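Going down the list, the sequences are from chains A and B.
According to my numbering, numbering within the first sequence proceeds without interruption in unit steps and concludes at 136.
According to my numbering, numbering within the second sequence proceeds without interruption in unit steps and concludes at 121.
See structure below.
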Amino acid sequence: EAQVTQNPRYLITVTGKKLTVTCSQNMNHEYMSWYRQDPGLGLRQIYYSMNVEVTDKGDVPEGYKVSRKEKRNFPLILESPSPNQTSLYFCASSRRDTAYEQYFGPGTRLTVT
Amino acid sequence: AQKVTQAQTEISVVEKEDVTLDCVYETRDTTYYLFWYKQPPSGELVFLIRRNSFDEQNEISGRYSWNFQKSTSSFNFTITASQVVDSAVYFCALSGTVQGAQKLVFGQGTRLTINP
């Protein structure tokens, strides 16, 4: 089954404790990205990757890091989480770029206290 | 700049009513793509439709229909004979080029509640 998986689905953590949210896709997609969803703001792009070892900032990259060492994986790293990073996070993948349908993961609800 | 506006923050209707969700976009690209996604209460994002800027034909899929009008930069979504299962947040999105890179920009979303 074609899918994007994210782990964990729910996470409560404390300010400053480094965390990683994993994202994996099994569709051999080149393009992967991370979004955060906040009430009244829709989804905003954090980082994206056009292919292995190619990543770039989205609209709200501050406080986040990513890596793309393998085509299927695109982890999101919060080195020192802060309460304003409490949000719902989605990983997405697609062929080539955003002109194609984005396949979204199930979401990760993160709470930073 | 790319921008998507969904002016209706929340809509509430009674089951079997028709309802239209508005989407207005801004772009300077001549080639771009428009999308609608559904987010049910369970939280996942479900793809509904993709439309490219050269195809202004309206599309119908069961009770769902989409009206794309380049003249007014709108891509509205209508649900006919709404059902309780249609209750969700609906996002309109635009894919285009920003500073040489493909970007997907979402509207703020419209929360649709269908009451029995």
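The C-beta atom is built at its ideal place from N, Cα and C for all residues, glycine as well.
These numbers come from a predicted model, not from an experiment.
- The alpha carbon of Ile65 of chain B has as its nearest neighbour, out of B:Phe59, B:Phe82 and B:Gln113, the alpha carbon of B:Phe82.
- Contact between Gly130 of chain A and Cys46 of chain A does not hold, since their C-beta atoms are separated by about 11 Å, which reaches or exceeds 8 Å.
- Burial check for Thr25 of chain B: the Cβ neighbour count within 10 Å stays below 16, so the residue is exposed.
- Under the 10 Å beta carbon count, Tyr112 of chain A is surrounded by 16 or more other beta carbons and is classified as buried.
- Identification of residues in the region 53 to 86 of chain B having a C-beta nearer than 9 Å to some C-beta of chain A yields Arg55 and Asn57, given in sequence order.
- Residues of the region 92 to 115 of chain A with a C-beta atom less than 9 Å from some C-beta of chain B are Leu111, Phe113 and Ala115, listed in chain order.
- Leaving aside the five residues that flank Val110 of chain B on each side, the residues in its chain whose CB is nearer than 7 Å to its CB run, in chain order, Gln7, Lys8, Val9, Ala98 and Leu99.
- In the three-state reduction of the DSSP assignment, Thr77 of chain B falls in the helix class.
- Around the beta-carbon of Leu66 of chain A, 16 or more other beta-carbon atoms lie within 10 Å, marking it buried.
- DSSP lists B:Val18 as the bridge partner or partners of Ile119 of chain B.
- Taking the C-beta atoms as reference points, Ala86 of chain B is found nearer than 9 Å to Glu22 of chain B.
- In terms of Cα proximity to Gly114 of chain B, the closest of A:Gln60, A:Tyr123 and A:Asn107 is A:Gln60.
- Against chain B, the beta carbon of Thr121 of chain A has neighbours under 7 Å at Ser100, Gln107, Lys108 and Leu109, listed in chain order.
- Chain-ordered, the chain B residues with CB closer than 8 Å to the CB of Glu124 of chain A read Phe40, Phe52 and Arg55.
- The alpha-carbon of Leu64 of chain A is positioned some 30 Å away from that of Asn51 of chain A.
- Shown here, Asn107 of chain A sits in a helix according to DSSP, grouped into three states.
- Taken through DSSP and simplified to helix, strand or coil, Val27 of chain A comes out as strand.
- In the DSSP assignment, Asp23 of chain B falls outside any beta strand (DSSP E) and carries neither an H nor an E.
- Given a length threshold of 3 residues, each whole run of the beta strand (DSSP E) inside the region 30 to 99 of chain A is given here in chain order: 33 to 36, 42 to 48, 54 to 61, 65 to 74 and 77 to 80.
- As computed with DSSP, Arg55 of chain B is found in a beta bridge with B:Phe40.
- Fewer than three beta-carbon pairs drawn from the region 88 to 96 of chain A and the region 27 to 40 of chain B are found closer than 8 Å, and the two stretches are therefore not classed as touching.
- For the region 47 to 65 of chain A, the set of positions with a beta-carbon nearer than 7 Å to some beta-carbon of chain B reads Gly63, Leu64 and Gly65 in chain order.
- Arg68 of chain B is a Cβ neighbour of Ile84 of chain B, given a cutoff of 9 Å.
- The straight-line gap separating the alpha-carbon atoms of Pro46 of chain B and Gly112 of chain B is approximately 18 Å.
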